[in-house]
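Enquirer:
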Amino acid sequence: MTHQALIARALMDMVSSLAPASRTEWTSAMNEEFAALQDGPDSLGWAIGCLGTAVGWRVRAEAGFGVTLVASSLAAWLISVQVFFLLVDWATPRGLSWMPMMSGAQVVLMGGVCFAVAFAWPRRALLTGLFVPLTWGLGSLLFTWPWVLAAALRDPWAMTNPDRFLPAMPVILMPLLVLVQDIGPSLIGAAMGWGLAKLWRTHGIMRVVS
Numbered sequence: 041m042t043h044q045a046l047i048a049r050a051l052m053d054m055v056s057s058l059a060p061a062s063r064t065e066w067t068s069a070m071n072e073e074f075a076a077l078q079d080g081p082d083s084l085g086w087a088i089g090c091l092g093t094a095v096g097w098r099v100r101a102e103a104g105f106g107v108t109l110v111a112s113s114l115a116a117w118l119i120s121v122q123v124f125f126l127l128v129d130w131a132t133p134r135g136l137s138w139m140p141m142m143s144g145a146q147v148v149l150m151g152g153v154c155f156a157v158a159f160a161w162p163r164r165a166l167l168t169g170l171f172v173p174l175t176w177g178l179g180s181l182l183f184t185w186p187w188v189l190a191a192a193l194r195d196p197w198a199m200t201n202p203d204r205f206l207p208a209m210p211v212i213l214m215p216l217l218v219l220v221q222d223i224g225p226s227l228i229g230a231a232m233g234w235g236l237a238k239l240w241r242t243h244g245i246m247r248v249v250s
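The structure is reproduced here in structure tokens:
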């Protein structure tokens, strides 16, 4: 078998994976036509065309999920910005720390968005739980986490106590703590949305059967 044939077959496997269930008949027809070419010189061109078609199908099928995820995540972040200013203006004159309250508000907003989106699209729960924190604050985690990791690696076993509620720990644990704090609420919210969606659908099926 030629390298061209191997590439063509790999592309057709991708077509089968990308094509939505509503396009099963079309996908089967494309695979049958590909098999009829018998790994000939036209097989690669056919596979590339099929892949482009499957990608278009998938984009249209996921448009509602994608738009909802991006819009809701951006809206929640903009709300968090307003909450930040409100908390600073309210807490500072009273001699209170706004940071714990802001952390709580951010947990609620991030977890709430992931919960709602994962409930509506449970098969996309993991993607939702990762997308929101990685793009939150215009992708600030993608820039700050490497900086935190680089700082920790310069003296990994130095002890630090960043929070009076936490015991002293080696600074090498700080990058992990940052990830848990930023990604944890989103993954938990997405997991809860996924779980509730499964229970909801199972309950609905049982109710119909009964």
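With the sequence shown counted from 1, adding 40 to any position gets you this note's numbering. Note that CB positions come from ideal geometry on N, CA and C, so glycine has one too.
#1: Per DSSP, which one or two residues make a beta bridge with Pro210?
#2: Ignore the nearest five residues each way along the sequence and tell me which others in Arg247's own chain have a CB closer than 7 angstroms to its CB.
#3: Between the beta-carbon of Gly135 and the beta-carbon of Gly229, is there less than 8 angstroms?
#4: Below 8 angstroms between beta carbons: does that hold for Ala191 and Pro210?
#5: Please go through the same chain and pick out, in chain order, the residues whose beta-carbon is closer than 7 angstroms to the beta-carbon of Leu236, but skip the five residues on each side of it.
#6: Using only the alpha-carbon positions, how far apart do Ser143 and Leu127 sit?
#7: Could you round the C-beta distance between Leu114 and Leu51 to whole angstroms and report it? I think they count as a contact, below 8 angstroms.
#8: Taking the alpha helix (DSSP H) that Arg98 belongs to, which residues open and close that run?
#9: Can you round the beta-carbon distance between Leu109 and Phe171 to whole angstroms, since I take them to be within the 8 angstroms contact cut?
#10: Do you know how far the Cα of Thr242 is from the Cα of Ser250?
#11: So for Trp240, helix, strand or coil by DSSP?
#12: Here's the rule: buried if 16 or more other CB atoms are within 10 angstroms of the residue's CB, otherwise exposed. What is Gly169?
#13: Compute the Euclidean distance between the alpha carbons of Ala111 and Gly80, then round it to the nearest angstrom.
#14: Would you give the residue range spanned by the alpha helix (DSSP H) that Trp176 belongs to?
#15: Just the Cα atoms here: how many angstroms apart are Leu77 and Phe105?
#16: Contact defined as beta carbons within less than 8 angstroms: I believe Leu181 pairs with Leu189. What is the distance between those atoms, to the nearest angstrom?
Expert: Put simply:
#1: By one-based count along the sequence shown, residue 210 stands at place 170. When beta bridges are read from the DSSP output, Pro210 appears opposite Met199.
#2: On the sequence shown, residue 247 is found 207 positions in, with the first residue counted as 1. Confidence is the limiting factor: at Arg247 the pLDDT is only 48, short of 50, which leaves the residue's position unreliable and the question unanswerable from this model.
#3: What you label residue 135 is simply residue 95 of the sequence shown in a count that begins at 1. What you label residue 229 is simply residue 189 of the sequence shown in a count that begins at 1. Their beta carbons are not under 8 angstroms apart, which means Gly135 does not touch Gly229 by this criterion.
#4: Looking up residue 191 in the sequence shown gives position 151. Looking up residue 210 in the sequence shown gives position 170. Contact flag unset, no.
#5: Against the sequence shown, residue 236 aligns to sequence position 196. Counting only Cβ-Cβ distances below 7 angstroms, and skipping sequence neighbours, we find Phe159.
#6: Here residue 143 corresponds to residue number 103 of the sequence shown, with the count starting at 1. Here residue 127 corresponds to residue number 87 of the sequence shown, with the count starting at 1. If you take the alpha carbons of Ser143 and Leu127, they lie about 11 angstroms apart.
#7: As a first step, residue 114 is located in the sequence shown; it is residue number 74 there, counting from the start. As a first step, residue 51 is located in the sequence shown; it is residue number 11 there, counting from the start. So it is not a contact: roughly 34 angstroms between Cβ atoms.
#8: As a first step, residue 98 must be located in the sequence shown, where it is residue number 58. Where Arg98 is concerned, the enclosing alpha helix (DSSP H) stretches over Ser83 to Ala101.
#9: Working through the sequence shown from its first residue, we reach residue 109 at position 69. Working through the sequence shown from its first residue, we reach residue 171 at position 131. Contact between Leu109 and Phe171 is confirmed by a C-beta separation of about 6 angstroms, below the 8 angstroms threshold.
#10: Position 210 of the sequence shown, counted from the first residue, corresponds to residue 250. Position 202 of the sequence shown, counted from the first residue, corresponds to residue 242. A caution first: Ser250 carries a pLDDT of 38, below 50, which makes its placement in the model too unreliable to give a value.
#11: Against the sequence shown, residue 240 aligns to sequence position 200. If DSSP states are grouped into helix, strand and coil, Trp240 belongs with the helices.
#12: To locate residue 169, count along the sequence shown from 1; it is residue 129. Under a 10 Å Cβ-count criterion, Gly169 is classified as buried, with 16 or more other Cβ atoms of the shown protein chains found around its own Cβ.
#13: Numbered from its first residue, the sequence shown carries residue 111 at position 71. Numbered from its first residue, the sequence shown carries residue 80 at position 40. When rounded, the distance between both Cα atoms is 46 angstroms.
#14: If you number the sequence shown from 1, residue 176 lands on position 136. Note, Trp176: alpha helix (DSSP H), Ala165 to Arg194.
#15: Along the sequence shown, read from residue 1 onward, the residue named residue 77 stands at position 37. Along the sequence shown, read from residue 1 onward, the residue named residue 105 stands at position 65. Between Leu77 and Phe105, the C-alpha separation is close to 37 angstroms.
#16: Within the sequence shown, the letter at position 141 stands for residue 181. Within the sequence shown, the letter at position 149 stands for residue 189. The beta-carbon distance between Leu181 and Leu189, rounded to whole angstroms, is 12 angstroms. This is too long to meet the 8 angstroms contact definition.
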